[in-house]
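Q: Below: one structure in structure tokens.
Protein chains: 2
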Amino acid sequence: MSLQKVLIAGKWRDADATGTFQAENPAAESALPDEYPVSSWSDCRAALDAAAAAYLEMRTMDGEKIATFLEAIADRIESRADELVEMAHLETALPKSPRLADVELPRTTGQLRQAATAARSGSWRNPVIDSENGIASCYGPIGPVAVFGPNNFPFAFGSASGGDFAAAIAAGNPVIAKANSSHPGTTRIFAECAQAAAESIGMPAGTVQLLYRTGHADGEKLVSDPRIAATGYTGSRGAGLKLKAAADAAGKLIYLELSSVNPVVILPGALAERGDALAEEFTGSCLMGAGQFCTNPGLVVLLAGEATESFVADVAKRFSEAPVGTLLSKSVANSLIESLGVLENAGAEVLTGNSAGGGTGYSAANSLLRVSGEKFVADPETFQTEAFGNASLIVVAADLDEACAVIDSLEGNLTGCVYTDTNGSDDAAYDQIEPGLRAKVGRLLNDKMPTGVAVSPAMNHGGPYPATGHAGFTAVGIPAAIPRFAALHCYDNVREHRLPTILRG
Amino acid sequence: MSLQKVLIAGKWRDADATGTFQAENPAAESALPDEYPVSSWSDCRAALDAAAAAYLEMRTMDGEKIATFLEAIADRIESRADELVEMAHLETALPKSPRLADVELPRTTGQLRQAATAARSGSWRNPVIDSENGIASCYGPIGPVAVFGPNNFPFAFGSASGGDFAAAIAAGNPVIAKANSSHPGTTRIFAECAQAAAESIGMPAGTVQLLYRTGHADGEKLVSDPRIAATGYTGSRGAGLKLKAAADAAGKLIYLELSSVNPVVILPGALAERGDALAEEFTGSCLMGAGQFCTNPGLVVLLAGEATESFVADVAKRFSEAPVGTLLSKSVANSLIESLGVLENAGAEVLTGNSAGGGTGYSAANSLLRVSGEKFVADPETFQTEAFGNASLIVVAADLDEACAVIDSLEGNLTGCVYTDTNGSDDAAYDQIEPGLRAKVGRLLNDKMPTGVAVSPAMNHGGPYPATGHAGFTAVGIPAAIPRFAALHCYDNVREHRLPTILRG
């Protein structure tokens, strides 16, 4: 196959490439045929110019037109659903059904349509009118947004289809999408849907643009460029922190989702009441999709005791017997083994797994490790190493105080969960655990694994650093996710007919 | 006088000082008698520990108690109003009346009481309840907040009394106040009010703490410390950017207000219709308080023509004839003269002023400079140098396109204003100017100088970088200013009786 074209200023055109790459089929451990360009800075610059030009039109555009655009994208995605599912399956090894076709695709189009509804109604704009003082304010667009999507949700977090994309467009901003290198073909089809939709309703040429990859230095230059207003990034902590440093130094906003071990505390009453069911629930949540969820339960805190020993043995057995899933890429597999090695070297005991292979293509054995609360709090930084994939670390605390110390030693996380029994015997312990855990996480759960992330206006898919870069915002949930890509626009003594419609009396 | 004590962990105690300093009376150009300590890191560490301990209590505290605390502070401030006005006048040379006693003090207590109302009602918490999915979310406290107040509003932006302080406390966070070195005595009295209020209603010992000054490195260490959740900083761009770099590198939130030239565009119809009145209005706004407002109109854009020549000549005459105010400090005076020199060296013509002295104590002549639009856009960075004080730069653009180019070349600003006539002859020009100006500022005004900042829920005292660090937030306006110091707390499947009251069905 020939080299794929980038989408710049409304045209699919040859990249000014400094190199090429191919995606891999992780199940076959083999390169897929399409070649994609690594763009030079001149591609970035052209995209930035076009985005800046598009913003000049979009910043005064009616919400109705933006809504129509978002809906047209959703329609086109549905019309190419089979192709998207096929391509994403090839590039990520995620199951076609139900995962890609029946869960992630409808979730993605649903998000786009919710964003359309928000754009149309202005529900994200938070209008505040102070008639007495003649002052009014609302959120407005902020400018071109760069979106870097992650490897693990090629649709719902995709850079030309997912939550950041939908939120940025809904607020009236052009998007420069940087494809995740593990699924460039999937991202290309989404960008084709967006471009076709843009043309059909007359959006400006640079509304949605696509680059597949840039050099690291050019990525940092992109997020700190004067023409960029904000960046949305979901991915590895290392790469994310480099982009953050560049954006911060230039005073540019960057929203990051970097890492999370998602602590789950199971209190003794719950374990006594329904230990078997919890072992099944935890195993299912942790190994689903080979554990490749941002909210995968990677840390389970238990209190020492016989029931805990039985639970741990039960889970270890389930892990060792469960089928081993295919990982998203070679680098995910390598990184998982590397992280498990870090945990083991620090003193965690391997109960099962911690070996490469065992499944189809890139894979690693389902891995369960164990460490005492005492060891954990002695080196919390190391024991919080995120082992992204089908793995979890059990922390057995000597008592409730030690469990609280484990929680207090954590960095920020997306989620935290406490299981308690139904007759109240765990309630005092809950009250002791909760405030510390609450302070560390964006979403606090009871009696429920964190892997399901409902697209709800009440959702917070966010949390304190380093889970994200700002604990006040969510990346999932419409309209709540939209103001990340908005500026607060105040109008003081501005004549009525010049106000945005939403602020007129 | 003996060395003043710092407030740490609920006690006024001797600082572990690395040096001392005195405030100056800017009107007398002489040191005031009190000596204040420069704190070592051990003071910072003790304050951080106490703040962290206070947060453990405050994070689950009822809004009613926090409201009572804020109201008690406001009451105590009122009971010491004369003393505060006297001290602030000595330390800043700002007029006692109306400025300090009749404007800024009531504004400050008003803000505290508005914050109390918000804490009591939870109006800042934005509760969202999704009963169908069993998910609910609201804002909650974030943790200890460091507040660095500016020199120019010793009350309303004071680190132990002002907007950031009130907002941080309202959300349930302890505050470590870093006094502005130009008015340590004023800040001390406010901290005494806060501490007395805290004791009277049983707030934890580290709820409000006061350090007068630290070394630069310790300041950077403070804002990036693990025990700190966020920082509010209003002050010079240079010092602010150093704190920002330190906070950013540690993943800590920092809200900054750094600089703003507050462009004012006066269109030809307005000039023809009411040029004299505008000259008076502009002169009054620019020279009020010796121009030491964050929203001082420091840049006026006009279109070339006879009316503009008359206006400029009129304003220059008014500037040269108006009384010269006293500046807040020697460093403000030096910095003003230095900045005017930068503008002059870059090619701006001095119409009047640009010389030190002329008023009582630290002062500089009322200064009006002029540059062409062509020169401005050739070196916008230099011509945007903020000359903080009684000074402004007139930019005469050849035509409307050039005026738009001037606006497009600006950095982010707190405010932007357009004056138009009342019969519509400026409307087409307004429509051309507005979108570009809108994108650059937090608050857009019509026919009104920007120096008045109403404490309104619709206010945005904020704007794109470098006016502030995040264009989505305001530093003035309750409850809007509060969520800067809040985390988004989501509850998923959490049992009803464990939810914050505001999220119960």
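Chains A and B, in that order, are what the protein sequence lines are. Numbering-wise (numbering that gives the first Met the number 0), the first sequence opens with residue 0 and increments by one. Numbering-wise (numbering that gives the first Met the number 0), the second sequence opens with residue 0 and increments by one. Yeah, the Cβ is synthetic: ideal placement off N, Cα and C, and Gly gets one too. If you're wondering where the values come from, they're calculated on a predicted model, not measured in any experiment.
Is it right to say Ser130(A) is buried, meaning 16 or more other beta carbons lie within 10 angstroms of its own, or is it exposed?
A: By one-based count along the first sequence, residue 130(A) stands at place 131. So Ser130(A) counts as exposed.
Q: Using a Cβ-Cβ cut-off of less than 9 Å, give me the residues of the stretch 37-65 of chain B that come near chain A, in sequence order.
A: Answer in chain order: Tyr54, Leu55, Arg58 and Thr59.
Q: For Leu210(B) and Glu77(B), what's the separation of their Cα atoms in angstroms?
A: Mapped onto the second sequence, residue 210(B) falls at position 211. Mapped onto the second sequence, residue 77(B) falls at position 78. Each residue's Cα considered, the two are about 23 Å apart.
Q: On the premise that Phe484(A) lies in contact with Ala178(A), defined as a C-beta separation below 8 Å, what is that separation, rounded to the nearest angstrom?
A: Translated into the one-based positions of the first sequence, residue 178(A) becomes position 179. Translated into the one-based positions of the first sequence, residue 484(A) becomes position 485. Wrong, their Cβ atoms sit about 19 Å apart, outside the cutoff.
Q: Mind checking if Phe68(B) is an interface residue toward chain A, Cβ cutoff 8 Å exclusive?
A: In the second sequence, counting from the first residue as 1, residue 68(B) sits at position 69. Answer no: the Cβ-Cβ gap between Phe68(B) and chain A never drops below 8 Å.
Q: Which chain B residues sit within Cβ distance under 9 Å of Gly423(A)?
A: By one-based count along the first sequence, residue 423(A) stands at place 424. What Gly423(A) touches in chain B: nothing, since even the nearest Cβ is about 10 Å away.
Q: If you follow the alpha helix (DSSP H) that Lys64(B) is in, where does it begin and where does it stop?
A: Numbered from its first residue, the second sequence carries residue 64(B) at position 65. That run of the alpha helix (DSSP H) goes Gly62 to Ser78.
Q: Between which residues of its own chain and Gly41(B) is the CB-CB distance below 7 Å, once the five residues before and five after are set aside?
A: Working through the second sequence from its first residue, we reach residue 41(B) at position 42. The residue you asked about is not Gly; residue 41(B) is Ser in the sequence shown. The residues are Asp15.
Q: Counting Cβ pairs closer than 8 Å, one from the stretch 81-90 of chain B and one from the stretch 57-69 of chain B, do we hit at least three?
A: These segments do not touch.
Q: Sort out for me which residues DSSP pairs Arg58(B) with in a bridge.
A: For the purposes of this step, residue 58(B) is identified with residue 59 of the second sequence, where counting begins at 1. BP columns for Arg58(B) are empty, so no partner.
Q: Would you check if the distance between the CB atom of Ile406(B) and the CB atom of Lys439(B) is smaller than 8 Å?
A: Taking the second sequence and counting its residues from 1, one reaches residue 406(B) at position 407. Taking the second sequence and counting its residues from 1, one reaches residue 439(B) at position 440. A contact, by the Cβ cut-off of 8 Å.
Q: Please determine if the stretch 341-353 of chain A and the stretch 99-115 of chain A are in contact, where contact requires at least 3 C-beta pairs separated by less than 8 Å.
A: Touching, no.
Q: On a Cα-Cα basis, can you pick out the residue from Ser258(B), Ala428(B) and Asp81(B) that is closest to Pro97(B)?
A: Against the second sequence, residue 97(B) aligns to sequence position 98. Selected option, being the one with the closest Cα: Asp81(B).
Q: So with CB distances below 7 Å, who are the chain A contacts of Gly461(B)?
A: The count along the second sequence starts at 1 and reaches residue 461(B) at position 462. The contacting residues are Leu487.
Q: Any residues in the stretch 152-170 of chain B with a beta carbon nearer than 8 Å to a beta carbon of chain A? Which ones, in chain order?
A: For the stretch 152-170 of chain B, which is checked against every Cβ of chain A, not one residue is closer than 8 Å.
Q: Let me see if you follow: with CB-CB separation under 8 Å, is Tyr418(A) close to chain B or not?
A: Translated into positions along the first sequence, residue 418(A) becomes position 419. No - not a single Cβ of chain B is within 8 Å of the one on Tyr418(A).
Q: Return the first residue and the last residue of the alpha helix (DSSP H) that Tyr361(B) is part of.
A: Position 362 of the second sequence, counted from the first residue, corresponds to residue 361(B). Unbroken run through Tyr361(B): none, as it is neither H nor E.
Q: Please report the distance separating the alpha-carbon of Glu272(A) from that of Ser199(B).
A: Residue numbering aside, residue 272(A) sits at position 273 when the first sequence is read from its first letter. Residue numbering aside, residue 199(B) sits at position 200 when the second sequence is read from its first letter. Straight-line Cα distance between these residues: approximately 47 Å.
Q: Of all the CB atoms in chain A, is at least one closer than 8 Å to the CB of Tyr254(B)?
A: Here residue 254(B) refers to the residue found at position 255 of the second sequence. Taking Cβ atoms only, chain A never reaches closer than 8 Å to Tyr254(B), which makes this a no.
Q: Sorted by chain position, which residues of the same chain lie with C-beta nearer than 8 Å to Asp33(B)'s C-beta, five sequence neighbours on each side aside?
A: Reading the second sequence from its first residue, position 34 is the one you call residue 33(B). Only Met0, Gln3, Gln21, Ala22, Pro183 and Gly184 meet the Cβ criterion.
Q: Assuming Pro143(A) contacts Arg226(A) under a Cβ cut-off of 8 Å, what Cβ separation, rounded to an integer in Å, is found between them?
A: In the first sequence, residue 143(A) corresponds to position 144, counting from 1. In the first sequence, residue 226(A) corresponds to position 227, counting from 1. Contact holds; Cβ gap of about 6 Å.
Q: Does Ser78(B) get closer than 8 Å to chain C when you measure Cβ to Cβ?
A: No chain C appears in the structure shown, which is made up of the protein chains A and B.
Q: Between Asn172(A) and chain B, is any beta-carbon pair separated by less than 8 Å?
A: Taking the first sequence and counting its residues from 1, one reaches residue 172(A) at position 173. It does not; no Cβ of chain B falls within 8 Å.
Q: Determine the DSSP secondary structure at Gly340(A), reduced to helix, strand or coil.
A: As a position in the first sequence, residue 340(A) is number 341, starting the count at 1. Here Gly340(A) sits in helix by DSSP.
Q: Going along the stretch 393-413 of chain A in order, which residues come within less than 7 Å of chain B, judged by CB to CB distance?
A: Listed in sequence order: no entries.
Q: Given Arg442(A), which residues of its chain have a CB within under 6 Å of its CB, disregarding the five upstream and five downstream residues?
A: Mapped onto the first sequence, residue 442(A) falls at position 443. Excluding sequence neighbours, Arg442(A) sits near Thr414 and Asn459.
Q: How long is the line joining the alpha carbons of Pro140(A) and Ala480(A), rounded to whole angstroms?
A: Here residue 140(A) corresponds to residue number 141 of the first sequence, with the count starting at 1. Here residue 480(A) corresponds to residue number 481 of the first sequence, with the count starting at 1. So the alpha carbons of these two residues sit roughly 13 Å apart.
Q: Return the chain-ordered list of same chain residues with a C-beta closer than 6 Å to the C-beta of Pro478(A), the five sequence neighbours on each side being excluded.
A: As a position in the first sequence, residue 478(A) is number 479, starting the count at 1. Taken in chain order, the residues that qualify are Ala117, Ser122 and Trp123.
Q: Verify the CB distance criterion: does Ser391(B) have a CB-CB separation below 8 Å to chain A?
A: Within the second sequence, the letter at position 392 stands for residue 391(B). Judged by the 8 Å Cβ criterion, Ser391(B) is not in contact with chain A.
Q: Taking DSSP as the reference, what is the three-state secondary structure of Asn24(A)?
A: Position 25 of the first sequence, counted from the first residue, corresponds to residue 24(A). Reduced to three states, the DSSP call for Asn24(A) is strand.
Q: What distance in whole Å lies between the Cβ atoms of Asn365(A) and Leu298(A), which are believed to be in contact at a cut-off of 8 Å?
A: The count along the first sequence starts at 1 and reaches residue 298(A) at position 299. The count along the first sequence starts at 1 and reaches residue 365(A) at position 366. That belief does not hold up - the Cβ atoms of Leu298(A) and Asn365(A) are roughly 16 Å apart, past 8 Å.
Q: Under three-state DSSP, which class holds Ile477(B)?
A: Here residue 477(B) corresponds to residue number 478 of the second sequence, with the count starting at 1. Coil, per DSSP.
Q: I'd like to know whether the C-beta atoms of Leu350(B) and Ala386(B) end up nearer to each other than 8 Å.
A: Working through the second sequence from its first residue, we reach residue 350(B) at position 351. Working through the second sequence from its first residue, we reach residue 386(B) at position 387. For Leu350(B) and Ala386(B), no; Cβs fall outside 8 Å.
Q: Which of the three DSSP states is assigned to His496(B) in this structure?
A: Position 497 of the second sequence, counted from the start, is the residue given in the question as residue 496(B). Helix.
Q: Is the Cβ of Ala474(A) closer than 8 Å to any Cβ of chain B?
A: In the first sequence, residue 474(A) corresponds to position 475, counting from 1. Taking Cβ atoms only, chain B never reaches closer than 8 Å to Ala474(A), which makes this a no.
Q: Count the other CB atoms, across all protein chains shown, that sit within 10 Å of the CB of Ala216(B); report buried if there are 16 or more and exposed otherwise.
A: Reading the second sequence from its first residue, position 217 is the one you call residue 216(B). Ala216(B) is exposed by the Cβ-count criterion.
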